[in-house]
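Residue numbers (our numbering), protein chains in the order written: chain A, 683 to 1100; chain B, 1172 to 1334. Okay, so here's the structure we're looking at.
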Amino acid sequence: MNMVEKILARASGQREVAPGDVVVADVDTLIMHDLSAYLTGRVLENEVRKPIRYPERVLIVFDHHFSPASEERAKILQENRAFARRHGIRVFDCGSGNLHHVAIQHGYVWPGAVVVGSDSHTNIHGALGAFGTGIGNNSHAAMVMPYGKAWFRVPAAQRVWLEGDYAPGVSARDAAQYLVGLIGEGGAVYKALEFAGPVVEAASVSDRILFTLMAVDVGAKTGYVDPDEKTVAYVRQWTDRPFEVLRNDPDVAYEREWRVDVGTLAPQVACPPTIGNVHPVTEVVGTPITHAEIGGHGGGRLDDVRTLARLLEGRRVHPDVRLQVVPNSRWVFEQALKEGLVESIYRAGANWFPAGAGSNQATNMGALAPGERMISTQARNFPGRNGSPEAEIYLAAAATVAASAVKGAIADPRELVT
Amino acid sequence: MQLRGRVWKFGDDVPTDAIVPEKNLFKSFDEMATQVLATLNPVFAREVQRGDLLVAGKHFGCSSGRAVAVKALAATGIGGVVAETFARTFYRNAFEIGLPILECPGITAFADDGDVLRVDVATGEVVNESRGQTIQAPPPPAFLLEMLQAGGIIPFSERLAGG
Chain A
683 MNMVEKILAR
693 ASGQREVAPG
703 DVVVADVDTL
713 IMHDLSAYLT
723 GRVLENEVRK
733 PIRYPERVLI
743 VFDHHFSPAS
753 EERAKILQEN
763 RAFARRHGIR
773 VFDCGSGNLH
783 HVAIQHGYVW
793 PGAVVVGSDS
803 HTNIHGALGA
813 FGTGIGNNSH
823 AAMVMPYGKA
833 WFRVPAAQRV
843 WLEGDYAPGV
853 SARDAAQYLV
863 GLIGEGGAVY
873 KALEFAGPVV
883 EAASVSDRIL
893 FTLMAVDVGA
903 KTGYVDPDEK
913 TVAYVRQWTD
923 RPFEVLRNDP
933 DVAYEREWRV
943 DVGTLAPQVA
953 CPPTIGNVHP
963 VTEVVGTPIT
973 HAEIGGHGGG
983 RLDDVRTLAR
993 LLEGRRVHPD
1003 VRLQVVPNSR
1013 WVFEQALKEG
1023 LVESIYRAGA
1033 NWFPAGAGSN
1043 QATNMGALAP
1053 GERMISTQAR
1063 NFPGRNGSPE
1073 AEIYLAAAAT
1083 VAASAVKGAI
1093 ADPRELVT
Chain B
1172 MQLRGRVWKF
1182 GDDVPTDAIV
1192 PEKNLFKSFD
1202 EMATQVLATL
1212 NPVFAREVQR
1222 GDLLVAGKHF
1232 GCSSGRAVAV
1242 KALAATGIGG
1252 VVAETFARTF
1262 YRNAFEIGLP
1272 ILECPGITAF
1282 ADDGDVLRVD
1292 VATGEVVNES
1302 RGQTIQAPPP
1312 PAFLLEMLQA
1322 GGIIPFSERL
1332 AGG
């Protein structure tokens, strides 16, 4: 069995499971954000009407809001807090960070865990050797909350094998975006995508997260990296809880394999209207932008903040561009403070925002007017995702976002990297 | 489980953001239903009739896994959705809230706006009455059909969790 099959077998009390089997598995962690928690809470209290069996396994992170801009949204947050109090659930309030990073950094994710969330990017947690997947509000309200369980169809596995060395100015985010274009949106629907090969082995867990993040956009049920010593050391930074690591058997088979030599890749840009519309940056260089953002599920990591600071050294944000910097967590902001990055980035003309999900869906910030154009490290670019459907969103690695913020137009970071 | 209705056709990779945009997330389902898919087809929400069927391309309901997208679609009165493939969260949510859907490879070429389709969700048989043609899709897994017949995961959950 592979890692995912082993986790699902253990969590459902079976010796073995195979692709296609339906299992009812014990859930270790349920992650919700401020929008989904509200919707889920209403289903639980109005339709299901049962108590939450393991409230300590549930967390709510207010990441779409850092300070609600309307009475309506203030009430949503107020109701979330009251719901959490009624059921004994922990809330990470405004300014805590992006839900998945908050969950990781507070010890809610470990190798071998079953992690579900009412957020489609929950498969991020496969980078930590967990089984992570997004499921709907009714799954949570009808099964996870009252019984601590969820149903899953065991997915067939495909492997993405990455080899080669990145060219200067090219990083894991570029490879991840390239893969969305290669596999295609909906190209791996219901699959478990394993990321492996020398590039993945050498990658930090923070970079591995960028691969498991993109799994959802090709339709996969989950993405994962077979856990190694690096995984364990990373998780041990955040929790001392005991866990048993589950790894692939040596003889696991894959339905299909995708091979990429990352050395052949230029920086990649996902262009409107969808995340699968991926092009080498050279094809869109010079496209004027009005907004740039480091933040969101796919950015706002300490690595991204460091990259931004490095590229802004001795340069300024272009006067026509609003550069928004949104750390993924309070930890990232604290580290950036210690390293002097907060000041240097601020002095280069960027705006710092509280830790959170940033302009994701323009819930609390970052709405665009018709004709405006943003380049960001966010994870989605559908028309209307951030304000006007006539605005355009481009997605790229932190280096490309930083270079573009300096130029006032989409720029090739390789020209700035020395 | 038989459906019969007039077709509204949509393309590939329709995201849940287009079914229910974030700004409508906290409205009532009836309000959401009046703006469903408005950016892709402004006429749909206004003119959709009870029992009409939505036909779509691959990866329908991708992006956010919000179950309200399925609930808002159901609130328009449509009988169900037939697509080449669904995003897995949409697929799961549909069975969980009791909206009949069928994954049917080839459906895009098989049906056009305004055609009348008859769909047997349990057997996977799809008949285009306007064209007099039949296409066969793989039937959904038995346990999902049971969930659908039970009326969704809320009535079905005790049985699942106990099993």
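C-beta atoms are modelled at their ideal positions from N, C-alpha and C, and glycine is treated no differently.
Ranking A:P1065, A:V1083, A:P932, A:F813 by CA distance to the CA of L1005 (chain A) puts A:V1083 first. According to the DSSP secondary-structure assignment, C1233 (chain B) is paired through a beta bridge with B:P1186. In this structure, V967 (chain A) sits away from D856 (chain A), with a CB-CB distance that is not shorter than 7 Å.
In this structure, I713 (chain A) lies near G799 (chain A), with their beta-carbon atoms less than 7 Å apart.
Residues of the region 706-724 of chain A whose Cβ lies closer than 8 Å to any Cβ of chain B, in chain order: V706, L717, S718, Y720, L721.
Close to chain B, meaning a Cβ-Cβ distance shorter than 8 Å, are the following residues of the region 822-840 of chain A: A823, A824, M825, P828, Y829, K831, W833, R835.
Counted as a single uninterrupted DSSP element, the stretch harbouring H747 (chain A) is not any beta strand (DSSP E), since DSSP gives it neither H nor E.
Taking a contact as a CB-CB distance under 8 Å, the pair N762 (chain A) and Y790 (chain A) does not count as one, their CB atoms being some 18 Å apart.
In this structure, R1221 (chain B) places its C-beta atom within 7 Å of the C-beta atom of G1248 (chain B). Per DSSP, the continuous alpha helix (DSSP H) segment holding E1329 (chain B) begins and ends at 1324-1333. Among the CB atoms of chain B, none fall inside 7 Å of the CB of F774 (chain A).
A direct Cα-Cα distance of roughly 9 Å separates K831 (chain A) from A693 (chain A).
Distance from V1253 (chain B) to I1278 (chain B) at the Cβ level is roughly 5 Å; contact confirmed, criterion being Cβ atoms closer than 8 Å.
Chain B has a Cβ within less than 7 Å of the Cβ of K903 (chain A). In the assembly as shown, R1055 (chain A) is a buried residue. Its beta-carbon has 16 or more other beta-carbons within 10 Å.
For G1066 (chain A), the C-beta contacts it makes with chain B under 8 Å involve D1188, A1189, P1192, T1210, in order along the chain. Within the same chain, V987, V1024 come within 6 Å of A1018 (chain A) by CB-CB distance, once the 5 residues on both sides are set aside. Residues of chain B whose Cβ lies closer than 7 Å to the Cβ of T1045 (chain A) are, in chain order, E1193. Taking every protein chain shown into account, the CB of S1199 (chain B) has fewer than 16 other CB atoms within 10 angstroms, so this residue is exposed. Within chain B, the residues G1236, A1238, T1260, R1263, N1264, E1267 have their CB atoms less than 7 Å from the CB of G818 (chain A), given in chain order. Bounds of any alpha helix (DSSP H) do not take in S853 (chain A), whose DSSP letter is neither H nor E. By the neighbour-count definition (other C-beta atoms within 10 Å, threshold 16), T964 (chain A) is an exposed residue. For P1052 (chain A), none of the residues of chain B pass the 8 Å Cβ criterion, the least Cβ distance being about 13 Å.
For the pair of segments examined, the region 773-785 of chain A was found to touch the region 737-746 of chain A: the number of CB pairs separated by less than 8 Å reaches three. CA-CA distance, V730 (chain A) to N820 (chain A), rounds to 9 Å.
For the pair D889 (chain A) and L861 (chain A), the Cα-to-Cα distance works out to about 14 Å.
Taking 8 Å as the Cβ-Cβ cut-off, the region 1059-1086 of chain A approaches chain B at R1062, F1064, P1065, G1066, R1067, P1071, given in chain order.
Each residue's CA atom was taken as its position, placing G866 (chain A) and L1224 (chain B) some 27 Å apart. Per DSSP, T1210 (chain B) lies in no beta strand (DSSP E) segment and is marked neither H nor E.
Unbroken beta strand (DSSP E) runs of no fewer than 3 residues, entirely contained in the region 830-906 of chain A, are found at 831-835, 839-845, 874-878, 904-906, following chain order.
Pairing G901 (chain A) with V942 (chain A) gives a Cβ-Cβ distance that is not under 7 Å. In its chain, beyond the 5 residues on either side, F1266, E1267, I1268, G1269 have a beta carbon closer than 8 Å to the beta carbon of G1323 (chain B). The DSSP-derived three-state label of F765 (chain A) is helix. In terms of beta-carbon proximity, A1245 (chain B) stays away from the interface with chain A, with every pair separated by 7 Å or more. A direct Cα-to-Cα measurement between V773 (chain A) and C953 (chain A) gives close to 35 Å. According to the DSSP assignment, D1291 (chain B) belongs to no alpha helix (DSSP H) but to the beta strand (DSSP E) extending over 1287-1291.
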